[in-house]
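Working notes for the structure below.
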Amino acid sequence: MTDSRFDGRVAVVTGGGRGLGRTYALLLASRGAKVVVNDPGGSLAGEGADGGPARDIVDEITSAGGDAVVSTESVASPEGGKAIVETAIDRYGRLDILVHNAGVVRRAPLKEMSYEDFEAVLDVHLRGAFHVVRPAFPVMCDAGYGRIVLTSSIGGLYGNHDVANYAAAKAGILGLSNVAAIEGAANGVKSNVIVPAAVTRMAEGIDTSAYPPMGPELVAPVVGWLAHESCSITGEILIALAGRVARAVVAETPGVYRPSWSVADIGEHISAICDASDPVVFPVVPDGHGDHIRYSFAMAAQGAVHG
Ligand code: NAD
0 MTDSRFDGRV AVVTGGGRGL GRTYALLLAS RGAKVVVNDP GGSLAGEGAD
50 GGPARDIVDE ITSAGGDAVV STESVASPEG GKAIVETAID RYGRLDILVH
100 NAGVVRRAPL KEMSYEDFEA VLDVHLRGAF HVVRPAFPVM CDAGYGRIVL
150 TSSIGGLYGN HDVANYAAAK AGILGLSNVA AIEGAANGVK SNVIVPAAVT
200 RMAEGIDTSA YPPMGPELVA PVVGWLAHES CSITGEILIA LAGRVARAVV
250 AETPGVYRPS WSVADIGEHI SAICDASDPV VFPVVPDGHG DHIRYSFAMA
300 AQGAVHG
């Protein structure tokens, strides 16, 4: 990444005042991007407001000779999302890169999770993503160029205890990114998901003493590449955790075809149905949706009985 630059590019980083977002904003700005550092501050649960974190990053960028502007709007409302995107257009006249990274956490077991905590977390992560993607996407499509990076989580891929709200939101992000990738493909707009992990304030309460080095700077180059014009992938999910960079995929087992099924048949064939030793992966772009259907239709056409 030493020679990867973003000169002339304009980026929005939501939740850019702290943790991972701060590191993304600093990386992009240090390589020539003009950056809207969006962060209303507030607690890990999303309570209160504090313009300090976003201002501090903008000060850090500008005092190092970079160009950045503060946005303290919340992504949690349509108006907030629109205002964040408009800050980029009003100030810099364009928007090339959107990194939706803002996040809050409200933990509770599923049996006890309140609707308020469920909604508040969806508002920032998932609806927040829509609130910034929705106004940014037409701008990028019209310009014939865009890089969207949305943030999921291990919890979004695999779930975890006490985070039904967070896991649901982070899984929803995958669907939104996939559609942006599909609909943006003809217009030079790429959308991918980062599954980051880093010791930030989100790790509060977790014993990280035995963790390997796991700072946000191990994640930022991955987001930087996804945000760069050289990014060659779209509709993908990249993982960055403690120096490991990997791709996550939705994989299917080949499955079992029969011309008709009873309930008992499913049980009888469940091992073969679930046998993931030879997985099938359909890339989202150009047409994972169609590939999935065609694969199933081909099995039906063959009339084969596997397993
Ligand atoms: P963090 O708490 O350090 O930073 C998140 C930032 O988002 C904060 O500065 C916060 O003020 C801001 N924010 C909260 N609500 C907002 C809103 N409504 N509008 C705009 N900004 C808002 O956390 P982090 O660890 O840097 O997390 C960044 C992202 O990465 C989050 O989406 C998080 O879910 C995701 N993530 C983090 C980890 C990890 O290990 N840290 C793991 C998986 C996913």
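Per numbering that gives the first Met the number 0, the sequence shown starts with residue 0, numbered consecutively. Glycine included, C-beta positions come from ideal geometry on N, C-alpha and C. As the structure is a prediction and not an experimental result, all values here were calculated from the model.
Given a cut-off of 7 Å on the beta-carbon distance, is the pair PRO77 and HIS130 in contact? The answer is yes: Cβ separation under 7 Å.
Under 8 Å by Cβ, that's how I've got PRO39 and GLU72 pegged, so tell me the actual separation to the nearest angstrom. PRO39 to GLU72, Cβ: 7 Å. Contact.
With a threshold of 8 Å on Cβ separation, who are the neighbours of ASP55 within its own chain once the five nearest residues in sequence on each side are excluded? Around ASP55: GLY16.
DSSP three-state label for ASP66, please. In the structure shown, ASP66 adopts extended strand secondary structure according to DSSP, grouped into three states.
What's the gap between the Cα of GLY50 and the Cα of GLU118? Within the model, the alpha-carbon separation for GLY50 versus GLU118 is close to 24 Å.
Does the beta carbon of ARG17 fall short of 6 Å from some heavy atom of ligand 1? Set against 6 Å, the gap from the CB of ARG17 to the closest heavy atom of ligand 1 is smaller.
Could you compute how far the alpha carbon of VAL162 sits from the alpha carbon of ARG106? Spanning the two alpha carbons is a distance of roughly 5 Å.
When you compare only the Cα positions, how much space is there between TYR165 and LEU149? Rounded to whole angstroms, TYR165 to LEU149 spans 14 Å at the Cα level.
What distance in whole Å lies between the Cβ atoms of VAL194 and SER152, which are believed to be in contact at a cut-off of 8 Å? With a Cβ gap of about 6 Å, SER152 and VAL194 count as contacting.
Between which residues of its own chain and LEU125 is the CB-CB distance below 7 Å, once the five residues before and five after are set aside? The residues are ALA168, GLY171 and ILE172.
For PHE296, count neighbouring C-beta atoms within 10 Å of its own C-beta (all shown protein chains included) and say buried if the count is 16 or more, exposed if not. Exposed, by the Cβ-count rule.
Helix, strand or coil for ASN100 per DSSP? Coil, per DSSP.
Residues that ALA250 bridges to, as DSSP identifies them: Under DSSP, ALA250 forms a beta bridge with VAL280.
Ignore the nearest five residues each way along the sequence and tell me which others in ASP274's own chain have a CB closer than 7 Å to its CB. Within the same chain, Cβ atoms closer than 7 Å to the Cβ of ASP274 are found at THR252, the five residues on either side in sequence being excluded.
Beta-bridge partners of THR150, as assigned by DSSP: Looking at the DSSP output, THR150 sits in a beta bridge with ILE193.
Rank SER276, CYS140, ALA196 and GLY302 by C-alpha distance to the C-alpha of ARG93 and give the top, closest one. Ranked by Cα distance from ARG93, the first of SER276, CYS140, ALA196 and GLY302 is CYS140.
Taking the alpha carbon of VAL255 as the reference point, which residue from GLU46, ASP264 and SER113 has its own alpha carbon closest? The shortest C-alpha to C-alpha distance from VAL255 to any of GLU46, ASP264 and SER113 is the one to ASP264.
Which parts of the segment 8-32 are runs of the alpha helix (DSSP H), unbroken and 4 residues or longer, counting only runs that do not cross its ends? Correct list: 18-29.
Whole angstroms is fine: what's the gap from GLY223's alpha carbon to LEU27's? Rounded to whole angstroms, GLY223 to LEU27 spans 7 Å at the Cα level.
Quick test of your reading: ALA22 and GLU216, contact by CB under 8 Å. State the CB separation rounded to the nearest angstrom. Before going on, a small fix: residue 22 reads as Thr here, not Ala. Going by Cβ atoms, the distance from THR22 to GLU216 rounds to 6 Å, so yes, they are a contact pair.
State the Cα-Cα distance for the pair SER42 and ASP277, rounded to the nearest angstrom. C-alpha separation (whole angstroms): 45 Å.
Roughly how many angstroms lie between the CA atoms of VAL57 and LYS81, to the nearest whole one? Roughly 20 Å between the two C-alpha positions.
With a CB to CB cut of under 8 Å and the five nearest residues on each side skipped, what residues in its chain are close to THR61? Closer than 8 Å at Cβ, skipping near neighbours: ALA67.
How would you label ILE147, buried or exposed, when you count the other beta carbons within 10 angstroms and need 16 or more for buried? By the 16-neighbour rule on beta-carbons within 10 angstroms, ILE147 is buried.
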